[in-house]
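Here is the structure we will look at, set down as structure tokens.
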Amino acid sequence: MIEIVDAARCTGCNICVRACPTNVFDIVADAPPRIARQSDCQTCFMCELYCPEDALFVAPQIEPMPVGDASSDTFGPFGHYRRAVGWGSKRQSTADQDASYELLTRSH
């Protein structure tokens with residue numbers, strides 16, 4: 001579930017707002033987007049994937065963390081999912097490590 005928009009990292013590009021399939025964020029003039037409908041978050045990580053500044057923290061659980069507990073130290077640094085899948089500049093793609101292609105090559 002989306003937990004944090006880091007104001008220090010966020011440039012206000014609002015890409016996360018456009019990437020979110022469930023309209024979790026609200027655009028705020030001259031400020032980072034606001035998490036307005038956290039309970040609508042599907043934990044799809046799309047906002048984190050598309051954030052060019054690694055300013056978002058999406059926790060892998062589907063329930064909100066208790067107030068004060070949301071920290072990137074809990075599950076990893078900001079942008080941990082982007083790094084894991086190799087998205088972003090100067091990152092190594094991990095697509096060659098994905099074995100799901102085997103599902104397409106098996107004969108029926």
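Here my numbering is used: the first residue of the sequence shown is 1, the next is one more, and so on.
We put the CB at the ideal spot given by N, CA and C, even for glycine.
Counting along the chain, I4 sits inside the beta strand (DSSP E) bounded by residues 2-5.
Y81 and D6 have their alpha carbons spaced roughly 16 Å apart. Residue nearest to N14 within the set G86, Y50, A59 is Y50 (criterion: CA-CA distance). Beyond the five residues adjoining it in sequence on each side, Q42 comes within less than 6 Å, by CB distance, of T22 in the same chain, given in chain order. Separation of the CB atoms of V24 and Q38 is rounded to 7 Å, and the pair is thereby assigned contact status at 8 Å.
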